[in-house]
Structure formats: structure tokens, C-alpha cells
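Peer 1:
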Amino acid sequence: MATSAFSPASQVIERHQSTFNDKNVIIAGDIQDSYPSVINAKQVKIHCNQFHTYLRLKNSSRGAQTFFSLLPNAEFYQGMDTLIYYWPKSKSEAQFQLSYLLHNMPKGSDIFIVGENRTGVKSVEGLLADFGTIQKIDSARRCGLYHFQAESRLAFDLTEWWQSYQLTIENQEIEIKSLPGVFSQKGLDAGSELLLNALIEHADIIKGNVLDVGCGSGILSSVIGKLYPDIDLTLSDVSSAAIESSKATLASNHIKAQVVPSDVFSHLRDKYHLIMSNPPFHDGKQTSYVAVNSLIKEAKKHLKLNGYLCIVANSFLPYQTLLDETFKRVEVLAQTTKFKVYLASH
Numbered sequence: 297m298a299t300s301a302f303s304p305a306s307q308v309i310e311r312h313q314s315t316f317n318d319k320n321v322i323i324a325g326d327i328q329d330s331y332p333s334v335i336n337a338k339q340v341k342i343h344c345n346q347f348h349t350y351l352r353l354k355n356s357s358r359g360a361q362t363f364f365s366l367l368p369n370a371e372f373y374q375g376m377d378t379l380i381y382y383w384p385k386s387k388s389e390a391q392f393q394l395s396y397l398l399h400n401m402p403k404g405s406d407i408f409i410v411g412e413n414r415t416g417v418k419s420v421e422g423l424l425a426d427f428g429t430i431q432k433i434d435s436a437r438r439c440g441l442y443h444f445q446a447e448s449r450l451a452f453d454l455t456e457w458w459q460s461y462q463l464t465i466e467n468q469e470i471e472i473k474s475l476p477g478v479f480s481q482k483g484l485d486a487g488s489e490l491l492l493n494a495l496i497e498h499a500d501i502i503k504g505n506v507l508d509v510g511c512g513s514g515i516l517s518s519v520i521g522k523l524y525p526d527i528d529l530t531l532s533d534v535s536s537a538a539i540e541s542s543k544a545t546l547a548s549n550h551i552k553a554q555v556v557p558s559d560v561f562s563h564l565r566d567k568y569h570l571i572m573s574n575p576p577f578h579d580g581k582q583t584s585y586v587a588v589n590s591l592i593k594e595a596k597k598h599l600k601l602n603g604y605l606c607i608v609a610n611s612f613l614p615y616q617t618l619l620d621e622t623f624k625r626v627e628v629l630a631q632t633t634k635f636k637v638y639l640a641s642h
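Here the sequence shown stands for residues 297 to 642, where the numbers follow this note's numbering.
1) For the candidate residues ARG449, GLU371 and VAL420, whose alpha-carbon lies nearest to that of LYS385?
2) Determine the extent of the beta strand (DSSP E) in which LYS432 is found, giving its start and end residues.
3) Grab me the residues of ALA640's own chain with a C-beta within less than 6 Å of its C-beta, minus the 5 sequence neighbours each way, in chain order.
4) DSSP state of VAL626, grouped into three classes?
5) For PHE444, which of PRO368, ILE380 and LYS482 has the nearest alpha-carbon?
6) Going along the chain, which unbroken runs of the beta strand (DSSP E) with 3 or more residues stay wholly within the segment 389–462?
7) If we cut at 9 Å on Cβ distances, does MET572 have a partner in chain D?
8) Please state whether DSSP places GLY504 in a helix, a strand or coil.
9) The beta strand (DSSP E) spanning THR315 covers which residue range?
10) Ignoring anything shorter than 4 residues or poking outside the segment 503–541, list the alpha helix (DSSP H) runs there in chain order.
11) Please list, in chain order, all residues of the same chain as LYS522 whose beta carbon is under 7 Å from its beta carbon, the five residues on each side excluded.
12) If you draw a straight line from the alpha carbon of SER513 to that of LEU492, how long is it in whole angstroms?
13) Quick check on DSSP: helix, strand or coil for PHE363?
14) For TYR373, report the span of its beta strand (DSSP E) as first-last.
15) Nearest to PHE364 by alpha carbon, out of ASP326, TYR331 and LYS432?
16) Can you list, in chain order, the residues of its chain with a C-beta nearer than 7 Å to that of LYS543? Leave out the 5 residues immediately preceding and following it.
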């Protein structure tokens, strides 16, 4: 039996294909495959929160109706009557995304929510209990598919979703601002703290053009930017929420920097004296080394002569070998029982 090219969640949606034939469908959430580009419907619009998803789908036959942003604009919803929402790994992220989608979907719209059971999609029944009668209409591929009709709209105010906290590092007061689903939303994580301390102890490598890959809420760049104001900072991430969070954090701390959506180096053309990163090793709930492999293998092309790549990683992750294969010099600047900070140069 042939293995489907689609994710388990998309396979469940595919079982209900006839439901969508005459519908005007918005597809949003944690899209993991190309199914939105081939689903049969009267009209399809796709909203991507992740830039690598957008890059994959924009080259499809529905590329003109595929958008990347934090929030779709009002025009996006006009004439649409159905939402297919892919549940993400984070409940807070799901709450945030569903709040703005259900605030804007026309009354009477059909809402379909699908996700793998292990991501906690079952909590959607309680989450939307006050919104209407939501029913589980299918269970397959270890996924659940839920449906209800939007008879009323949810209230949504973006300002209510921001979280912030203060850091004091090297006598500098720094405010971090973040949206749901962004890494280190509620506090400085241990890996980033170890990386920052290692960089500060080796301040001679912090100069010129500095790139922060997978910037999240902008913690690394805000600390480094405060301590070393003469550097030229660029931040990148695939997450629209991370992009907006970093912009807000930088503005709050009066730090000038460029923030760009990029799938690792896909939309970065400059060369840098230092590339720093606390790279992700998950895509959704799946362990994935795709991004960090690209980061390490392609970094040399984006480093100036005598430039450095400095990353932090869980100690159990197999990055030492890949770094040794790619760079002439690799050293461990700092380590704990859980993390290692690597410095590589060519």
C-alpha cells in the first residue's frame, strides 16, 4: 500500500473532500504539507504563519492566494464560508490564531479543526464551548477532526495578547515582548542564557555585521545590541509571530536592527562577522534537524573572512560532527549538563 505524501491531519481532511467541493475555503494554522494546494474547492485562500510553509506553497497553482503575515487583512475573509484550521503544537498559539480567525470569519461559516491527538487538539472542545456546539466528526490516523458553525464572532484585540518581562544583564535593563507560540515567551531560557554569557565573555568576536538566526522574541539581539551599540544587527525567523515579537522588543529597547522573514539563509544576502543562534530542532511536534543542518552547512558562505558561527544546542544533539566536517576550527565555549555553546570559524 502506497504511503501518502500528506500529513496525517491532511489525510483526515482528504477523507471529507466532497464536503468542500462547492465551498470558499480558508486554510490556516500549522500547515505541514502541500495538501492546501491540491484540495478541491470552489475557492481556496491560504494563510501561512511560517515562512518556510509560505515558500513551499507560493510556487503552487494557488500561489497567488497564499499569504504570509501575522494576521490576514480584512479583505482576505471576504466571500469565504469555510475555515480549515490545522491545530499547532502550542495551545496558546491555537487560542491566539483561532481568536483572530473566528473574529473575522463571516457568521454561519463552517469551521473545521484538525490535529494530531498528541498535540492536544482534544482541548478544542473545551476551548470553544462558549462559542457553539462543536462535534468530533472523524477520528483516524491518530487525529481528530472537529466541526461547528460560527453563529457568532469571537472578540479579538491584538494588544491583549502581548506578554512582556524584564531582564537585567550586565547592568542593562531589557524588556522582552512576545506573542503566543514564540520561544522564550515567558522568560530567558537556559540555553540562550548560556550562549549570551559565552558571547559576553568572548566580546572580541562581537563586531561589525551580526546575524541572529531564529531570533524568536529578540532576546539575543536585544542584549547584544544594548551592550555593543556599534554593531549592525540583522534578525531572522520563519515565524510571523517571532518577527513581530522581535520588532516590538527592539523598539521597546530603542535598538536599531533589520528584522526579516527567512528560512535560515533563504532571504539573507549579506555576509556577517558573527552569526549567532539558539536553533530549533523541532518542526511542530516532530524532531527535525533540517534547519540546523542548513544553518551549519551554509554558514560559511554568509560569513566574512575570520567570521564566526556561535550556536547553543542540547548536549545530546549530534552537532559536533557536522561542525567539524564543515569548519576548520570548532571549540566548545561553555557547557552544562544540558547545553553546549559551540564556536566555529573557517
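For glycine and all other residues, C-beta sits at the position ideal for the given N, C-alpha and C.
Peer 2: The answer reads as follows:
1) Of the listed residues, the one whose Cα sits closest to LYS385 is VAL420.
2) Residues 431–436.
3) The answer, listed in chain order, is LEU605, LEU619, PHE623 and VAL626.
4) In this structure, VAL626 counts as strand in the three-state DSSP scheme.
5) Nearest C-alpha to PHE444 among PRO368, ILE380 and LYS482: ILE380.
6) With a minimum length of 3 residues, the continuous beta strand (DSSP E) runs that stay inside the segment 389–462 are 405–412, 431–436 and 439–446.
7) Considering every chain present, this structure includes no chain D. It has just one protein chain.
8) Note: GLY504 maps to coil in three-state DSSP.
9) Counting along the chain, THR315 falls outside any beta strand (DSSP E), and DSSP gives it neither H nor E.
10) Counting whole runs of 4 or more residues, the segment 503–541 contains the alpha helix (DSSP H) stretches 515–523.
11) Here the set comprises GLN468, ILE470, ASN549 and ILE551.
12) Rounded to whole angstroms, the gap between the alpha carbons of SER513 and LEU492 is 15 Å.
13) When DSSP states are grouped into helix, strand and coil, PHE363 belongs to the strand group.
14) Note, TYR373: premise wrong, no beta strand (DSSP E); not H, not E.
15) Checking every option, the nearest Cα to that of PHE364 belongs to ASP326.
16) VAL555, listed in sequence order.
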